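**Student:** What follows is a single structure, and I will ask about it in a moment.
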Amino acid sequence: MATGLFRRTISRVSASRVVWARAQAHASEAEAQQPAKPELQDYQIDLKECGPMVLDALIKIKNEVDPTLTFRRSCREGICGSCAMNIDGCNGLACLTKIPSSGSATTITPLPHMFVIKDLVVDMTNFYNQYKSIEPWLKRKTPPVKGKEILQSKKDRAKLDGMYECILCDCCSTSCPSYWWNPETYLGPAALLHAKWISDSRDEYTNERLEAINDEFKLYRCHTILNCARACPKGLNPGRQITHIKQLQRSAGA
């Protein structure tokens, strides 16, 4: 079987039945060396014997119907971000997305504009490299005092609300048209949200951090489309943080 883009589709056929379609790449012997186009394959499960979430159905299919079905998952609680995928045209977590009861068809695909490894598993290498590039850890110039914590006021701590909760699922970045067009140069909503250390009172590299991302592609490809905020399963608004960074750039005269 040749590798290629895989997709999953759900089509409800009755109130208690659901058809899951899985794309498989088939190739004849003559085409064995050529990338195959994805095709949809149906799976049918009884919803009365399945949990209410999309992830429940995927696990049931893998356990009982097709063990080759491949997807990421871990916590099943919306904490780890592993099961991010596109469901009905919107990025989200399979563990938090309910199987619809409307009777309409539901389409499940990998996160958009990402290289697909297999089925619903995408290559996150570029995403994590961009995350690493913003140095998402506390940096200080003052030598640490042994046995003494670096304290922060409640007011300063509150400035980090809406940023530290990010679970790096990549739902936001892969929903952003600017990221689709410039995936190698634009850092994207998730990485820029994790540039929260710029706003952290304990960090002493604010100016250096601002300078590092003061780039027409790294930062300024954001056009406040705000798909990121709509896609975030944690209800965060990366666009707001990006706007704040731009304001800090102007204030610093960067």
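Note that the sequence shown covers residues 39 to 292 in our numbering.
Cβ coordinates follow ideal geometry from the N, Cα and C atoms, glycine included.
The structure presented is a predicted model; accordingly, all values stated were derived computationally and were not measured.
#1: Can you tell me whether Ala-290 is buried or exposed? The criterion is at least 16 other CB atoms within 10 Å of its CB, across all chains shown.
#2: Sort Asp-94, Asn-167 and Thr-147 by Cα distance to Leu-134 and report the nearest one.
#3: Taking 8 Å as the cut-off, does the stretch 194-210 touch the stretch 251-263 (at least 3 CB pairs, one atom from each stretch)?
#4: By a C-beta neighbour count over all protein chains shown, 10 Å radius and 16 as the cutoff for buried, is Ile-188 buried or exposed?
#5: Under 8 Å, with one C-beta from each stretch per pair, do the stretch 211-219 and the stretch 233-252 reach the 3-pair mark?
#6: Would you decide whether Thr-180 is buried or exposed? Buried here means 16 or more other CB atoms lie within 10 Å of its CB.
#7: Three-state secondary structure (DSSP) at Gly-277?
#8: How should Gly-127 be labelled, buried or exposed, when 16 other C-beta atoms within 10 angstroms of its C-beta is the threshold for buried?
#9: Going by the beta-carbon positions, is the gap between Leu-206 and Ile-283 smaller than 9 Å?
#10: What residue from Lys-272, Glu-102, Leu-264 and Leu-248 has the CA that sits closest to Leu-286's CA?
#11: Spatial neighbours of Ala-53 within its chain, please: C-beta separation below 6 Å, excluding the five flanking residues on both sides.
#12: In whole angstroms, give me the CA-to-CA distance for Thr-108 and Asn-164.
#13: Between Cys-118, Ile-137, Gly-130 and Leu-274, which has its C-alpha nearest Ile-83's C-alpha?
#14: So, is Lys-185 buried or exposed, given that buried needs 16 or more other C-beta atoms within 10 angstroms?
#15: Could I get the ranges of all uninterrupted alpha helix (DSSP H) runs contained in the stretch 189-237, with 4 residues as the minimum, in chain order?
#16: Going by beta carbon distance, what residues of the same chain come within less than 8 Å of Glu-67, once the five residues before and after it are set aside?
#17: If you run the structure through DSSP and keep just helix, strand and coil, what is Val-103?
#18: In or out: Ile-97 buried (at least 16 other Cβ within 10 Å) or exposed?
#19: If we call anything under 9 Å between Cβ atoms a contact, is Leu-131 one with Pro-271?
#20: Below 8 Å CB to CB, which residues in the same chain sit around Val-183 once its five sequence neighbours on both sides are set aside?
#21: Would you kindly work out how many angstroms separate the C-alpha atoms of Gly-226 and Tyr-166, rounded to a whole number?
#22: Between which two residues does the beta strand (DSSP E) holding Tyr-243 run?
#23: Where does the unbroken alpha helix (DSSP H) through Thr-135 begin, and where does it stop?
#24: Taking only three categories from DSSP, how would you classify Val-183?
#25: Just to check, is the beta-carbon of Cys-207 closer than 8 Å to a non-hydrogen atom of the ligand ADP?
**Tutor:** Reading from the atomic positions:
#1: For the purposes of this step, residue 290 is taken as the residue at position 252 of the sequence shown. Ala-290 is exposed by the Cβ-count criterion.
#2: Counting from 1 along the sequence shown, the entry for residue 134 is found at position 96. Of Asp-94, Asn-167 and Thr-147, the residue nearest in Cα terms is Asp-94.
#3: no
#4: By 1-based counting over the sequence shown, the position of residue 188 is 150. Here Ile-188 is exposed. Its C-beta has fewer than 16 other C-beta atoms within 10 Å.
#5: no
#6: By one-based count along the sequence shown, residue 180 stands at place 142. Exposed, since its Cβ has fewer than 16 Cβ neighbours within 10 Å.
#7: Residue numbering aside, residue 277 sits at position 239 when the sequence shown is read from its first letter. Of the three classes helix, strand and coil, the one that applies to Gly-277 here is helix, per DSSP.
#8: The residue labelled residue 127 in the question sits at position 89 within the sequence shown. By the neighbour-count rule (16 or more Cβ atoms within 10 Å), Gly-127 is not buried but exposed.
#9: Reading the sequence shown from its first residue, position 168 is the one you call residue 206. Reading the sequence shown from its first residue, position 245 is the one you call residue 283. No. Outside cutoff.
#10: Along the sequence shown, one-based indexing puts residue 286 at 248. Checked all of Lys-272, Glu-102, Leu-264 and Leu-248; the closest Cα to Leu-286 is Leu-248.
#11: Stepping through the sequence shown from its first residue, residue 53 is reached at position 15. Note on Ala-53: pLDDT 33, under 50, position unreliable in the model; the coordinate value appears next. Excluding residues within five positions, none has a Cβ falling inside 6 Å.
#12: Position 70 of the sequence shown, counted from the first residue, corresponds to residue 108. Position 126 of the sequence shown, counted from the first residue, corresponds to residue 164. Between Thr-108 and Asn-164, the C-alpha separation is close to 21 Å.
#13: On the sequence shown, residue 83 is found 45 positions in, with the first residue counted as 1. The candidate whose alpha carbon is nearest that of Ile-83 is Ile-137.
#14: As a position in the sequence shown, residue 185 is number 147, starting the count at 1. Looking at the sequence provided, one finds Gly at residue 185 rather than Lys. Exposed is the call here.
#15: 192-196, 215-219 and 226-231
#16: For the purposes of this step, residue 67 is taken as residue 29 along the sequence shown, with counting starting at 1. Only weak support is given to the placement of Glu-67: the predicted model assigns it a pLDDT of 49, under 50, and the value that follows is read from those uncertain coordinates. No residues qualify anywhere along the chain.
#17: Taking the sequence shown and counting its residues from 1, the one referred to as residue 103 is at position 65. It is coil, neither helix nor strand.
#18: Position 59 of the sequence shown, counted from the start, is the residue given in the question as residue 97. The residue in question, Ile-97, is buried, as its Cβ has 16 or more Cβ neighbours within 10 Å.
#19: One-based indexing of the sequence shown puts residue 131 at position 93. One-based indexing of the sequence shown puts residue 271 at position 233. For Leu-131 and Pro-271, yes; Cβs fall inside 9 Å.
#20: Counted from its first residue, the sequence shown places residue 183 at position 145. So no residue of the chain qualifies.
#21: Position 188 of the sequence shown holds residue 226. Position 128 of the sequence shown holds residue 166. Taking the straight line joining both Cα atoms gives about 11 Å.
#22: Taking the sequence shown and counting its residues from 1, one reaches residue 243 at position 205. Unbroken run through Tyr-243: none, as it is neither H nor E.
#23: Numbered from 1 along the sequence shown, position 97 holds the residue referred to as residue 135. Where Thr-135 is concerned, there is no enclosing alpha helix (DSSP H), given that its DSSP letter is neither H nor E.
#24: Within the sequence shown, residue 183 is the residue found at index 145, counting from 1. DSSP places Val-183 in coil when its eight states are reduced to three.
#25: Absence of the ligand ADP from the depicted structure is noted, as is the absence of any ligand whatsoever, leaving it without description.
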